[in-house]
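First to last, the protein sequences are chains A and B.
The numbering of the first sequence is my numbering, which starts it at 1 and goes up by one.
The numbering of the second sequence is my numbering, which starts it at 269 and goes up by one.
To keep things clear, I will list the structure first and then write my remarks on it.
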Amino acid sequence: MSYDYSKYLRKGKIPHIWCPGCGYGIIMKSMIRAIDSIGWEKDDVVMTSGIGCASRLPGYVDFNTLHTTHGRSLAFATGVKVANPKLNVIAMGGDGDMTAIGGNHFIHACRRNINITCFVFNNFIYGMTGGQYSPTTPKGSRATTAPFGNSDNQFDIAQLAIGAGATFVARTTTYHAVPMEKLMKQAFEHKGFSIVEIIAGCPTGYGRKNKLASPAGMIEWQKEHSVAIAQWEKMSEEEKAGKFPIGVLHDVEKPEYVEAYDANVGLS
Amino acid sequence: MAKAEKIEIYVNLCKGCEICVELCPVDALEMKDFKAAVKDLDKCIACMQCELRCPDFAIEVYKK
Chain A
1 MSYDYSKYLR KGKIPHIWCP GCGYGIIMKS MIRAIDSIGW EKDDVVMTSG IGCASRLPGY
61 VDFNTLHTTH GRSLAFATGV KVANPKLNVI AMGGDGDMTA IGGNHFIHAC RRNINITCFV
121 FNNFIYGMTG GQYSPTTPKG SRATTAPFGN SDNQFDIAQL AIGAGATFVA RTTTYHAVPM
181 EKLMKQAFEH KGFSIVEIIA GCPTGYGRKN KLASPAGMIE WQKEHSVAIA QWEKMSEEEK
241 AGKFPIGVLH DVEKPEYVEA YDANVGLS
Chain B
269 MAKAEKIEIY VNLCKGCEIC VELCPVDALE MKDFKAAVKD LDKCIACMQC ELRCPDFAIE
329 VYKK
């Protein structure tokens, strides 16, 4: 056994509700290891989530957790952080929760640069409600609401976050479980709004419709289609087709929201 | 090369997704009654790929 997760789990809630082969369990394990390696006390961590498969995660971990309304995890997280800036706030949600229903909250949290860590679990589909296409479903992929293939262009969550003003943006996959843990730790350490987009497999909702029904096959797909950012910058446009970069995509320093607010109203 | 002393599989947690079996580089695991099972402990090189990527906390590898 390389790591004992039991200290951070609500053991009565395990096994979790995620389908066999769902990548979210891998993300939960990496996140627990990252929090452990940074050494935060359990009482100093607040996790907020919206609605969806990804948003079930805070129910299984023994921190202060808030399961909120659809897409509003960042709104609640902002409130928690402003009320008590000493807390370490982690907001999470799926691709639909963060970029469709909560899209407005997402871009404005990026713009504010408040010191929150945000994890977006991107499995390309609305899993919990039965496999409808989401803003990140690739063009041409099938879903229950797109039986002949999706006609919409897909969102690039990392580029959206950079454009909206987030100061730390990273992307990883469930294949890269150990690098994911390190990226999460970097995101926790970053002062300002940090986002980690995690590509995960949904064998039930997405895989079965797109000839990727094997969970291990989905993990292999992530390995084959992801390119480290250093390599990505050297590649030609033809080589980049169908692939995506992983690693730290954006890391800058900007004034943090709560500190800037306190200075403005004369509190600091 | 590292060897495993024991591979613990919690059948009540395993959902039979086969991630561990397919990612194992030395073919030390197999499926039995829709759950993961140890096929050959001697083959295991304790690389921890299965434990790291099991979404269900169902497999633990103990190094020698």
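Yeah, the Cβ is synthetic: ideal placement off N, Cα and C, and Gly gets one too.
In this text the structure is predicted, and so the values were computed from the model without any measurement.
Proximal chain B residues relative to residue i, where beta-carbon distance stays under 7 Å
i, result
"A/C22", "P323"
Interface residues of chain B facing residue i [CB-CB closer than 9 Å]
i, result
"A/I219", "I287, E290, L291 and R321"
"A/A216", "C285, E286, I287, C288, V289, E290, L291 and R321"
Proximal residues of chain B, C-beta to C-beta of residue i below 8 Å
i, result
"A/G25", "C322, P323, D324 and F325"
"A/P138", "Residues of chain B passing the Cβ test: none, with the nearest at roughly 22 Å."
Distance between residue j and residue i (C-alpha atoms, nearest Å)
i, j, result
"A/G247", "A/V89", "22 Å"
"A/T145", "A/G52", "18 Å"
"A/K223", "A/H176", "8 Å"
"A/I17", "B/K283", "11 Å"
"A/G201", "A/G207", "8 Å"
"A/S37", "A/K11", "21 Å"
"A/G59", "A/T48", "10 Å"
"A/W221", "A/N123", "13 Å"
"A/M128", "A/T204", "10 Å"
"B/A314", "A/A34", "22 Å"
"A/V46", "A/I125", "27 Å"
"A/K243", "A/S226", "6 Å"
"A/G79", "B/V306", "49 Å"
"A/A143", "A/C19", "17 Å"
"B/Q317", "B/P293", "8 Å"
"B/I275", "A/A241", "41 Å"
"A/V265", "A/E239", "51 Å"
"A/Q231", "B/D301", "43 Å"
"B/E273", "A/G39", "30 Å"
"A/K81", "A/S141", "38 Å"
"A/L87", "A/K234", "40 Å"
"A/E181", "A/K29", "9 Å"
Residue i vs residue j beta-carbon contact at 9 Å
i, j, result
"A/P135", "A/T173", "no"
"A/N113", "A/G192", "yes"
"A/T137", "A/D156", "no"
"A/G149", "A/K139", "yes"
"A/I195", "A/T117", "yes"
"B/R321", "B/I287", "yes"
"B/A304", "B/I327", "yes"
"A/A228", "A/P245", "yes"
"B/D324", "A/G25", "yes"
"A/F119", "A/M184", "yes"
"B/K311", "B/A270", "no"
"A/M218", "B/E319", "no"
"A/I14", "A/L57", "no"
"A/N104", "A/V258", "no"
"A/D62", "A/Y8", "yes"
"A/G50", "A/I101", "yes"
Within chain A, partners of residue i - CB distance below 7 Å
i, result
"B/M269", "The contacting residues do not exist; B/M269 stays about 16 Å from chain A at best."
"B/E328", "M1"
Chain E contact residues for residue i, given Cβ-Cβ distances below 7 Å
i, result
"A/A177", "Protein chains A and B are contained in the structure displayed, whereas chain E is not."
Interface residues of chain A facing residue i [CB-CB closer than 9 Å]
i, result
"B/E273", "Result: empty, since nearest Cβ-Cβ is about 11 Å, beyond 9 Å."
Proximal chain A residues relative to residue i, where beta-carbon distance stays under 8 Å
i, result
"B/K283", "P15, C19, P20 and G21"
"B/V294", "The premise fails here: B/V294 is roughly 15 Å from chain A at the closest Cβ pair, so nothing lies under 8 Å."
"B/K299", "In the sequence under discussion, the amino acid at residue 299 of chain B is Met, which differs from the Lys named in the question. The contacting residues do not exist; B/M299 stays about 12 Å from chain A at best."
Supposed contact pair residue j and residue i - C-beta distance, whole angstroms, cut 8 Å
i, j, result
"A/M92", "A/S55", "7 Å"
"A/R171", "A/A158", "5 Å"
"A/D43", "A/N64", "7 Å"
"A/D251", "A/F168", "5 Å"
"A/K111", "A/G71", "In the sequence on display, residue 111 of chain A carries Arg and not Lys. Wrong, their Cβ atoms sit about 17 Å apart, outside the cutoff."
"A/A77", "B/L291", "Rounded, the Cβ-Cβ distance is 34 Å, inconsistent with contact."
"A/A109", "A/L66", "At roughly 15 Å, the Cβ-Cβ gap does not stay under 8 Å, so A/A109 and A/L66 are not in contact."
"A/G21", "B/C285", "3 Å"
heavy atom of the ligand GTP below 8 Å from residue i C-beta
i, result
"B/I287", "Of ligands this structure carries none, so the ligand GTP is not represented either."
query: Can you list, in chain order, the residues of the stretch 2-15 of chain A whose Cβ is nearer than 7 Å to any Cβ on chain B?
result: S2, Y5, I14 and P15
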